[in-house]
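Peer 1: Attaching a single structure in structure tokens format; questions to follow.
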Amino acid sequence: MTIFVSFFHIFQSLHRNISLDFLGKIRKICQSAVQNDFRAFRVCIIGSGPAGFYTADRLLKSIPKCEIDMYEALPMPFGLVRFGVAPDHYEIKNVQNQFSKIAESKKFHFIGNIRIGRDISLQQLKPHYDCMVMAYGASKDRELGLPGEGSIRGIYSARSFVGWYNGHYEFQELNPDLESTDLAVIVGHGNVALDIARILLVDPSILEKTDITEKAMESLRKSKIKHVKIIGRRGPMQMSFSTKELRKLTEFSTISFCTPNLDLYINQSLLSSDLVRSKKRLFDLLLKENVLNPNTNNKLWSLEFLLSPHQFLKYESKPDTLLSVLFEKNILRKCPDENILKAVGTGEIININTGCLIRSIGYKGVAIENSEDIGIPFDTNKGIIPNVSGRVISGYNANTSETSELPGIYTSGWIKTGPIGVIANTMYDAYETSDCIIEDWKNGKLFLNPTGIELKPGFNALLSYFKSKNIQYIQWKDWQKLNDLENKIGKELGKVRKKFTSIKEILEIIK
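My numbering applies: residue 342 is where the sequence shown begins, and numbers increase by one.
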């Protein structure tokens, strides 16, 4: 490694009259050669969901001496694959096997149970890496913004409801009341809304062999819900759920889809010049499955359009419990400055009696604590880290198009794009980010390494810090131990796996 550095200094002393520009080019060539051929390229990825793993996979395959440390706030990996994908979506959950193969590389290191920004700051991590990738997803819910939304019993966020049945430790005390009402209302026309509707309506016996929690199974067995209304503030053209997700809900003979006047809404949408083939397939399936006189023994789900939640009403005798929801009827109006249709309230109000409302209007990213200390900007309105193709930009201002890259800092997944798309979309997005890193590496960029020759130690440099703070971090072998035990107990119970839902219990098992 010193050969190239020595060569540069000798060359510089012998040729004092050569331009600084030329010497700069020679120095860059020397640094690039050292960086690319003689030392490890250490990458810190924050977040162990699909975005993090797909980014890691591409980098490991493309940069010969790349070594990756992946940090995760929870003791276990996989993010939304473990805690967001519905229990009966086996084919989607199987992507964990692919991620596990990536993690088995000797150049990959998983460090779980470390909350970046709390247990350790980005400022502390930065000196030990050549490159940092923010891939920690969107961890908050978008809210309706109505009084009582966070305090009235019977109102739940999709994130908490999904986390509850998927075994996320944070939501195990949610205990949704599914016995006091026969109608559940879901606000939002996305894939998550259809997932929740299916879990509420399907025969519980179908879920018994999945990795759904026993607490959720007990509640679903006692559930009195017979009908799920899925409500959107705009029309059919603006629905964001996929045909694949819809088909999953229509495959059960005990569940009927019943939406009066659906043909009026959809036939109008079919005339739109903006209609794409995928949307037409979705509409065709909806029209085919719509039954106006369903089997009286069946459970029902329906779609409602052009309605926005307006007010929550409570019982007089139980002022902390939801009685019904007032919705305002909307019309669609085209915005002259933006080529989109916005829902505009008409002032007409309808009342829907329900004791169970689930808002499913999307997730939102948040900034890591004190991330601004290393120059990482954050767009609070969009809930993303401002970037160009994954390269984080510095000096971000929402009112200007002028940008400059923040050297060595990248972003991937939902914290980069916002919470859109399915896992396949996240994969392509992660590849875009990793390809930018690979391109910058090939071009000899210095990333977080000012000299271009300094050997970055990565996680090893932080071991004494974690020990001094008595922080129990989790390695991949620890996760494998927990994974094996979950699978073993699950097999004994006739399930895919038995998830542990207590952080304290998980850490004790790993010890």
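For every residue, glycine included, the Cβ atom is placed at its ideal position computed from N, Cα and C.
1) Would Arg423 be called buried (16 or more neighbouring beta carbons within 10 Å of its own) or exposed?
2) Within a Cβ cutoff of 6 Å, which residues of the same chain sit near Asp860, ignoring the five residues on either side of it in sequence?
3) For Met768, report the span of its alpha helix (DSSP H) as first-last.
4) Kindly indicate which three-state DSSP category Val543 falls into: helix, strand or coil?
5) Span of the beta strand (DSSP E) holding Leu663?
6) Considering only the alpha carbon of each residue, which of Lys832, Ile756, Ile699 and Phe653 lies closest to Leu691?
7) Buried or exposed: which applies to Gly835, given that a residue is buried once 16 or more other Cβ atoms fall within 10 Å of its Cβ?
8) Helix, strand or coil for Ala708 per DSSP?
9) Give me the Cα-Cα distance between Leu664 and Gln513, rounded to the nearest whole angstrom.
10) Within 6 Å: the Cβ of Arg622 and any heavy atom of the ligand HEM?
11) Report yes if the C-beta distance between Ile726 and Met475 is below 7 Å; otherwise report no.
12) Buried or exposed: Lys565, going by 16 or more other Cβ atoms within 10 Å of its Cβ?
13) Spatial neighbours of Gly749 within its chain, please: C-beta separation below 6 Å, excluding the five flanking residues on both sides.
14) Should the segment 584-593 be regarded as contacting the segment 621-633, the criterion being three or more beta carbon pairs within less than 8 Å?
15) What residues in its chain sit with their C-beta under 6 Å from that of Thr721, if we drop five residues either side in the sequence?
16) Could you have a look at Thr752 and say whether DSSP puts it in helix, strand or coil?
17) Looking only at its own chain, which residues have a Cβ that is under 8 Å from the Cβ of Thr554, when we skip the five neighbours before and after it?
18) Output yes or no for whether 7 Å exceeds the beta carbon distance between Ile844 and Tyr497.
19) Excluding the five sequence neighbours on either side, which residues of its own chain have a C-beta within less than 7 Å of the C-beta of Tyr470, listed in chain order?
20) Is Gly453 closer than 7 Å to Ile815 when the C-beta atoms are compared?
21) Here's the rule I'm using: 16 or more other beta-carbon atoms within 10 Å means buried, otherwise exposed. How should Cys371 be labelled?
22) Reducing DSSP to helix, strand and coil, say where His430 ends up.
23) Go ahead and label Ser805 buried or exposed: buried means 16 or more other beta carbons lie within 10 angstroms of its beta carbon, across all protein chains shown.
24) Would you call the segment 754-764 and the segment 479-492 in contact, with 3 or more CB pairs under 8 Å?
25) DSSP on Val617, reduced to helix/strand/coil?
26) Determine the contact status of Phe699 and Ala499, defining contact as a CB-CB distance below 7 Å.
27) For Val617, count neighbouring C-beta atoms within 10 Å of its own C-beta (all shown protein chains included) and say buried if the count is 16 or more, exposed if not.
28) Determine whether the beta carbon atoms of Ala557 and Leu541 lie at a separation below 7 Å.
29) For Leu603, which of Asp625, Thr744 and Thr595 has the nearest alpha-carbon?
30) How about Ser730 and Glu773: are their beta carbons less than 7 Å apart?
31) Is the segment 761-777 close to the segment 437-452, with three or more CB pairs under 8 Å?
32) For Thr687 and Ser492, what's the separation of their Cα atoms in angstroms?
33) Relative to the alpha-carbon of Lys563, which residue among Lys585, Ile596 and Asp518 has its alpha-carbon at the smallest distance?
34) Just to confirm before moving on: does the CB-CB distance between Ile764 and Pro391 stay below 7 Å?
Peer 2: Considering the structure as presented:
1) buried
2) Residue coverage of the chain in this structure runs from 342 to 852, which leaves residue 860 outside it and unanswerable.
3) DSSP places Met768 inside the alpha helix (DSSP H), whose first and last residues are Ile764 to Lys783.
4) coil
5) Leu663 -> beta strand (DSSP E) spans Leu663 to Lys675.
6) A small fix is needed here, since residue 691 is Ile in this sequence, not Leu. Of the listed residues, the one whose Cα sits closest to Ile691 is Phe653.
7) The residue is exposed, with fewer than 16 neighbouring Cβ atoms inside 10 Å.
8) coil
9) 24 Å
10) Only the bare structure without any ligand can be found here, which leaves the ligand HEM out of the picture.
11) yes
12) That one is exposed.
13) Cys472, Phe788 and Leu789
14) yes
15) none
16) In the structure shown, Thr752 adopts extended strand secondary structure according to DSSP, grouped into three states.
17) Trp505, Tyr506, Asn507, Gly508, Gln513, Lys840 and Thr842
18) no
19) Arg383, Val384, Cys385, Leu789, Lys797 and Gly799
20) yes
21) Residue confidence is low: Cys371 scores 49 on pLDDT, short of 50, so the model does not pin down where it sits. Its coordinate-derived value is still stated next. With 16 or more Cβ atoms within 10 Å of its Cβ, Cys371 is classed as buried.
22) coil
23) exposed
24) yes
25) DSSP, reduced to helix, strand and coil, places Val617 outside both helices and strands of the structure shown, so it counts as coil.
26) The amino acid at residue 699 is misidentified as Phe; the sequence shows Ile. Contact flag set, yes.
27) exposed
28) Note that the C-beta distance between Ala557 and Leu541 is not below 7 Å.
29) Asp625
30) yes
31) no
32) Using only the alpha carbons, I get a separation of about 28 Å.
33) Checked all of Lys585, Ile596 and Asp518; the closest Cα to Lys563 is Asp518.
34) yes
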